[in-house]
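> So the protein lines, in turn, are chains G and Z.
The opening position of the first sequence corresponds to residue 9 in this note's numbering, with each subsequent residue numbered one higher.
The opening position of the second sequence corresponds to residue 9 in this note's numbering, with each subsequent residue numbered one higher.
There are 2 protein chains.
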Amino acid sequence: MKKDVTGKSTDPAVRSLLEISHEKDYSTIWDRYEEQQPQCGFGSLGICCKICMQGPCRIDPFGENATRGACGADADLIVARNLLRSIAAGTSAHAGHAKHLAHILVKSGRGEYPDYPIKDAPKLKALAERLGIDTEDKNDQQLALAVGEAALDEFSEKESPNAWAATTIPAARAQKLTALEVVPSGIDSIISEIMHRTHYGNDADAVNLLLGGIKCSIADYSSCYMATELSDILFGTPQPVKTEANMGVLKENAVNIAVHGHNPALSDIIVQVASEMEEEAKQAGASEGIKLVGICCTGNEVLMRHGIPPITHSVSQEMAIVTGALEAVVVDYQCILPSLSNLAECYHTRLITTIATNKIKGAHHIEIDESNAREQAKKIIRTALEAYKERNPSLVNIPQNKNVTFAGFSTEAIINALSQVDGNDPLKPLLDHISAGNIQGVCLFAGCNNVKVTQDQNFITMAKELARNNILILATGCGGGAFARAGLMTPEATNEYAGEGLKSVLSAIGEAAGLGGPLPLILHIGSCVDNSRGVQIATALANKLEVDVDQLPLVASAPEATAEKAISIGTWAVAAGLPTHIGVVPPVLGSNTVTEVLTNKAAELTGGFFIVETDPGEASRKLLDVIKSRRQQLGI
Amino acid sequence: MKKDVTGKSTDPAVRSLLEISHEKDYSTIWDRYEEQQPQCGFGSLGICCKICMQGPCRIDPFGENATRGACGADADLIVARNLLRSIAAGTSAHAGHAKHLAHILVKSGRGEYPDYPIKDAPKLKALAERLGIDTEDKNDQQLALAVGEAALDEFSEKESPNAWAATTIPAARAQKLTALEVVPSGIDSIISEIMHRTHYGNDADAVNLLLGGIKCSIADYSSCYMATELSDILFGTPQPVKTEANMGVLKENAVNIAVHGHNPALSDIIVQVASEMEEEAKQAGASEGIKLVGICCTGNEVLMRHGIPPITHSVSQEMAIVTGALEAVVVDYQCILPSLSNLAECYHTRLITTIATNKIKGAHHIEIDESNAREQAKKIIRTALEAYKERNPSLVNIPQNKNVTFAGFSTEAIINALSQVDGNDPLKPLLDHISAGNIQGVCLFAGCNNVKVTQDQNFITMAKELARNNILILATGCGGGAFARAGLMTPEATNEYAGEGLKSVLSAIGEAAGLGGPLPLILHIGSCVDNSRGVQIATALANKLEVDVDQLPLVASAPEATAEKAISIGTWAVAAGLPTHIGVVPPVLGSNTVTEVLTNKAAELTGGFFIVETDPGEASRKLLDVIKSRRQQLGI
């Protein structure tokens, strides 16, 4: 029986490749998800505890049998502890990402990493000043060293609060979070503290734990913000670029190489090196040379800075291999399906891991120490060239789907576009339009795809509905990917989907910025760590209006969230004062207390709160209601 | 129907109090454990994954249905990731414990904590020298500051390996671990790294992950060692003490206060303050004043240094409240059952939490900032005095069971006893006896009680069997508690249970040390962080013989392990080269690869390995076999 693919993805390229997968009887994430049905109800509700070896324990959600685990932990405690460990894990991922870049910056400053010069010196200097580093008489290298060392200091416990958290949000917000005692000092130390607090026989007060979770999420925020800034400094601050997205960009006569994962540290070097190896690729028989493409957030990083086309994201990453036209998938870390290894074995595709702490069984491992980045990048590309010779043409199936997309909307790029309207006061036109109601509010779409949701459907349905209601939309991560592949990051989409007010604003800015048309309907602000750019913009608006973020008509949504990173990001979005939608039910419903705090009580503490809603139409309505209510409170 | 209590505990005091609990229909850990039956088989095998929101996923252990989670993770990967997170959590607990003490040492050095003077100045100086700190012209306070700061540095990533790990094990062992790349630099940073590696879509090589787990466990080892040393410096290095153990030490006419948890930071102050408040207690009506007692490892800390009697441990902690004679249970952190709060409500007992990150719903919270330790300790004791007035005599049931026990066998105390035999070369007599076979080997018993095991049964059965076979036994943690309550830490037990060789050695040392009889059958070396003392002794023996630890006839056992701390300790015991028995099945059997690495392959890497065996008789035989084989290899 032929399996139906329509419910799996809205992306026609993915659907066509999934049909091939089914014909060939490959195991894909959708197949494995089906095999997992029915999933455990205890785990889904968050009321399963595996924290000690007296367990596993589970709470009867009907309250008839076990209402406590062996140790006496009730549903509130079990759910809270599990949630905190997810926040700690999400934070650790962003901490690892940011620390990786901080190390590169230090070594760049010491002159040990010649492949990593400073690309945005003004941003480096501005950051140094914000951190209170004496910048006088320091050259770029010296500043890089000082900033890199200051960044590394952020991971350790110290007597001052985390500098990134303390210096990047409105003063009123910083005071509020300080009063709640949720501003951590060290990033790694708060992760360690959360793991300790959730150990057997420790913190047994769900509300106290949840405050700890918020504290940890602020460390996640700091890590994301640091990662964005250091990436911009090392690889350049993004400026608008035009390219194409989706599988159709793969070339039959090129060596196709995908970079996948999250960090630009290697992929940016691959971009440089690949352009120098065109001739070598042609000699290997690829008449069109090398075609670099991106998957997930590594893809977003090189899209934002170099216009490298993204081919697919998250839940559909396996399908990239099923094109049969991919010579190599080069991965760093995070969100890389272990199954890529099995699928690569069915093709000539080389799955190449590059980080010692992130190997995949069956993959080729070509390790990058940044001191040898260019050299190793060449080795990686040569591995792909070798693979090209083994490509089996009868297995090649490149879907023709692709769409034009714009990206590269860093905060600096957005301010620059706005300054074409008002050079003296770039934020003024934006605020005026918000005030006048041409723009009703701003929504940041973030987060993953999730196999439980038809790929991209929640993103696309919600974005169209919000745009129609004159909400300015920013996107990161797999959200950005969904919109890029769907052709929603174009001026044409603005004309087609934006409400009248929004359309007039995007058109005016686009014209003033000399784009010859409106800004895209949705602005791609980067990878998932670049959610920090969303806060940067929110903070600028709040500071300009002399209000706090929780008073502004701003919302966030992760409508297809999957990773623990999404949980930690969502938590800091709430801490930042944002109503934050999540379109997948997180494993917390087993506790009334936790659910109540996240969706309601949090608003009393931070002004932000979670909205859990799986229906995208309903979710849009809820976000629009919140925006309306915030506008009313602002008297606009 | 009357519930049977015989299978619950070997301790008659616990059994009698459990009968009262049943009569009164209290919910105890044994009742809740029964309500949890049957426990989830997937969780028990370690093949349930809750790491992303596409799950929960689980692997069919029969291989018929789902063999991979949605992302493609197989049983090996799922088990390895879960195990690593347990190791990270265990490590975080010891990290928090050690860091807490390092902070106190720093502030003591700065003169900010007058309640915390230096108690063991020679140990402070020796540690400073070992850490490479210039000790010349430094007074105790200056040394405390320097050592405290060096200790805090250990938690952060740095370019040198962790100093505690690097300076406390034999050089050959340090080289072996360095070659395996499993010596971490920072403690908190490796915890963070492990959480990152186990995040969705990261490290997907089970063996690579397990090496990461060993690396993290070395950070646990460093934390334990640091905690022991800093505790000795701040509160005094233990010397042999004689006291009594078990519930029978509670006094009907005293204000009975139990200290519970793991850290001596507060409990040591309570010991001091309580002795000053005897008069106040008498005025409150308690003719016998204040009776301080200990539970779990906080109990071990004050037992080791002050001879405070331990009344019960781990799984039976609730029973202490059921005596009806406990005015207060004062807790710091770790292994504190949340259910104490519910049970305390049935009595006049005040459950008092003292740490901001470790609250318990329903408990009284009297927070200790070490700058106000004495003052807060007084407040805590006065709370107990108030409670005494509310004690209901009809609810008082103090079991009469108690046994004499010795404790306080720090490494220094053991060396001191040995030096009475050979003042020039204290280790020589011990090694001679091992060589001659009077002592066949050494076993360190550690770890928790576990509700799945009749309390203390594995400890007692195994210890008697090993002692009969001339194994010298050391004990920490709840193991120490089990032996103390069972009367096995006495000269009489040596006469009764030791094999002839062991008896002659313990007698000779005891006589030489002027004890007028043999050393106790089992030497109490402290709390669970004090497993470090076991390594200190093993290292001294290995260095003296110029061999590595994995060549010596030394073994470890956690026959009733529960907490994640036990997993991290067990892992570093294996990394240290010890055959390490665990008497409860850890959640790893779902993976052949992980099981094989832990129980077999690890021996090739570190010389140590896990022995999983739930039957105490069989476990003893296996440990004796390993000791025999090591002796043969040494040619003794």
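Using N, Cα and C, we set each Cβ at its ideal position, and we do this for glycine too.
What are the uninterrupted segments assigned as beta strand (DSSP E) that are 3 or more residues long and contained completely in the region 409-461 of chain G, given in chain order?
411-415 and 449-453
> With three or more C-beta pairs closer than 8 angstroms as the rule, is the region 46-57 of chain Z touching the region 336-352 of chain Z?
no
> List, in chain order, every chain Z residue whose beta-carbon is nearer than 7 angstroms to that of G209/G.
Along the first sequence, read from residue 1 onward, the residue named residue 209/G stands at position 201. Against chain Z, the beta carbon of G209/G has neighbours under 7 angstroms at Q342, C343, I344 and L345, listed in chain order.
> Look at Q44/Z and G598/G and say whether their C-beta atoms are less than 8 angstroms apart.
Here residue 44/Z refers to the residue found at position 36 when the second sequence is read from its first residue. Here residue 598/G refers to the residue found at position 590 when the first sequence is read from its first residue. Contact: no.
> For K573/G, which residues from the same chain have a beta carbon less than 6 angstroms from its beta carbon, with the 5 sequence-adjacent residues on both sides left out?
To locate residue 573/G, count along the first sequence from 1; it is residue 565. G98 and A101.
> Tell me the rounded alpha-carbon separation between R541/G and L300/Z.
By 1-based counting over the first sequence, the position of residue 541/G is 533. By 1-based counting over the second sequence, the position of residue 300/Z is 292. Rounded to whole angstroms, R541/G and L300/Z show a C-alpha spacing of 56 angstroms.
> Give, in chain order, every unbroken run of the alpha helix (DSSP H) that is at least 4 residues long and sits entirely within the region 120-174 of chain Z.
129-138 and 148-161
> Between which two residues does the beta strand (DSSP E) harbouring F617/Z extend?
The count along the second sequence starts at 1 and reaches residue 617/Z at position 609. Run containing F617/Z: F617 to V620, per the beta strand (DSSP E) assignment.
> Would you report the Cα separation of R639/G and L560/G, rounded to the nearest angstrom?
Within the first sequence, the letter at position 631 stands for residue 639/G. Within the first sequence, the letter at position 552 stands for residue 560/G. Computed Cα separation, rounded: 7 angstroms.
> Return the CA-CA distance between P46/G and R40/G, expressed in angstroms with no decimal places.
Taking the first residue of the first sequence as position 1, residue 46/G is located at position 38. Taking the first residue of the first sequence as position 1, residue 40/G is located at position 32. C-alpha separation (whole angstroms): 12 angstroms.
> Candidates I577/G, G616/G, A610/G and F453/G: which alpha carbon is nearest G585/G's?
Taking the first sequence and counting its residues from 1, the one referred to as residue 585/G is at position 577. The option with the nearest alpha carbon to G585/G is G616/G.
> Are the region 163-178 of chain Z and the region 19-37 of chain Z touching by the rule of at least three beta carbon pairs closer than 8 angstroms?
no
> List, in order along the chain, the chain G residues whose C-beta lies closer than 8 angstroms to that of E572/Z?
By 1-based counting over the second sequence, the position of residue 572/Z is 564. Residues of chain G passing the Cβ test: I59, C60, H207 and Y208.
> Ignore the nearest five residues each way along the sequence and tell me which others in V459/G's own chain have a CB closer than 7 angstroms to its CB.
As a working note, residue 459/G is residue 451 in the first sequence. These residues qualify, in order along the chain: I37, W38, Y41 and V323.
> Report the neighbours of N73/G on chain Z: residues whose CB is nearer than 8 angstroms to its CB, in chain order.
Looking up residue 73/G in the first sequence gives position 65. For N73/G, the residues of chain Z that pass the 8 angstroms Cβ criterion are E43, in the order they occur in the chain.
> Rounded to a whole number of angstroms, what is the C-alpha to C-alpha distance between C56/Z and R66/Z?
Your numbering for residue 56/Z matches position 48 in the second sequence. Your numbering for residue 66/Z matches position 58 in the second sequence. One C-alpha to the other measures close to 4 angstroms.
> Name the residue from R399/Z, S628/Z, I389/Z and A381/Z whose alpha carbon lies nearest to the alpha carbon of D123/Z.
Indexing the second sequence from 1 puts residue 123/Z at position 115. Comparing alpha carbon positions, the residue from R399/Z, S628/Z, I389/Z and A381/Z closest to D123/Z is A381/Z.
> Taking 8 angstroms as the CB-CB limit, is D196/Z close to chain G?
Residue numbering aside, residue 196/Z sits at position 188 when the second sequence is read from its first letter. Yes, its Cβ sits closer than 8 angstroms to a Cβ of chain G.
> Span of the beta strand (DSSP E) holding A180/G?
By one-based count along the first sequence, residue 180/G stands at place 172. No beta strand (DSSP E) holds A180/G; the alpha helix (DSSP H) holding it covers A179 to A187.
> Would you mind giving the Cβ-Cβ distance between A569/Z and I590/Z, rounded to the nearest angstrom? I have them listed as a contact below 8 angstroms.
Indexing the second sequence from 1 puts residue 569/Z at position 561. Indexing the second sequence from 1 puts residue 590/Z at position 582. Sure, about 5 angstroms apart at Cβ, within 8 angstroms.
> Work out the CA separation of G524/Z and G518/Z for me, nearest whole Å.
Taking the second sequence and counting its residues from 1, the one referred to as residue 518/Z is at position 510. Taking the second sequence and counting its residues from 1, the one referred to as residue 524/Z is at position 516. Distance between the alpha carbons of G518/Z and G524/Z: 7 angstroms.
> Assuming E335/Z and T357/Z are in contact, meaning their beta carbons sit under 8 angstroms apart, how far apart are those beta carbons, in whole angstroms?
Along the second sequence, one-based indexing puts residue 335/Z at 327. Along the second sequence, one-based indexing puts residue 357/Z at 349. With a beta-carbon spacing of about 7 angstroms, E335/Z and T357/Z fall inside the 8 angstroms limit used to define contacts.
> Quick check on T498/Z: does DSSP put it in helix, strand or coil?
Residue numbering aside, residue 498/Z sits at position 490 when the second sequence is read from its first letter. DSSP places T498/Z in coil when its eight states are reduced to three.
> Assuming I278/G contacts K127/G under a Cβ cut-off of 8 angstroms, what Cβ separation, rounded to an integer in Å, is found between them?
Your numbering for residue 278/G matches position 270 in the first sequence. Your numbering for residue 127/G matches position 119 in the first sequence. At roughly 16 angstroms, the Cβ-Cβ gap does not stay under 8 angstroms, so I278/G and K127/G are not in contact.
> Quick check on this structure: which residue in L218/Z, L482/Z, K472/Z and F243/Z has the alpha carbon closest to the alpha carbon of K367/G?
On the first sequence, position 359 is the one that residue 367/G refers to. Ranking L218/Z, L482/Z, K472/Z and F243/Z by Cα distance to K367/G puts L218/Z first.
> What's the call for A2/G, buried or exposed, on a 16-neighbour Cβ count within 10 Å?
Residue 2/G cannot be examined here, being either before or after the span of chain G that is shown, 9 to 644.
> Taking the alpha-carbon positions, what's the T236/Z to V537/Z distance?
As a working note, residue 236/Z is residue 228 in the second sequence. As a working note, residue 537/Z is residue 529 in the second sequence. If I take the Cα positions, the gap works out to 6 angstroms.
> Using a C-beta cutoff of 8 angstroms, does I303/G count as contacting chain Z?
Taking the first residue of the first sequence as position 1, residue 303/G is located at position 295. So, not an interface residue.
> For H207/G, name the three-state secondary structure that DSSP assigns.
As a position in the first sequence, residue 207/G is number 199, starting the count at 1. H207/G falls in the coil class under three-state DSSP.
> Can you list the residues of chain G that V459/Z reaches, using a CB-CB cut of under 7 angstroms?
Your numbering for residue 459/Z matches position 451 in the second sequence. The answer, in chain order, is Q62 and A78.
> Enumerate in chain order the residues of its own chain whose CB-to-CB distance from L613/Z is below 7 angstroms, with the five nearest sequence positions on each side excluded.
Taking the first residue of the second sequence as position 1, residue 613/Z is located at position 605. So the list reads L188, once near-sequence residues are dropped.
> For a quick check, are the C-beta atoms of L531/Z and I422/Z less than 8 angstroms apart?
On the second sequence, position 523 is the one that residue 531/Z refers to. On the second sequence, position 414 is the one that residue 422/Z refers to. In contact: L531/Z and I422/Z (Cβ atoms closer than 8 angstroms).
> Whole angstroms is fine: what's the gap from G431/G's alpha carbon to S418/G's?
Position 423 of the first sequence, counting from 1, holds the residue named residue 431/G. Position 410 of the first sequence, counting from 1, holds the residue named residue 418/G. Straight-line Cα distance between these residues: approximately 18 angstroms.
> Name the residues in the region 18-45 of chain Z whose C-beta lies less than 8 angstroms from a C-beta of chain G; which are they?
S35, I37, R40, Y41, E43 and Q44
> How is Q291/G classed by DSSP in three states: helix, strand or coil?
One-based indexing of the first sequence puts residue 291/G at position 283. It is helical.
> Nearest to G534/Z by alpha carbon, out of K107/Z, H270/Z, P178/Z and T361/Z?
Residue numbering aside, residue 534/Z sits at position 526 when the second sequence is read from its first letter. When each option's Cα is compared against that of G534/Z, the closest is H270/Z.
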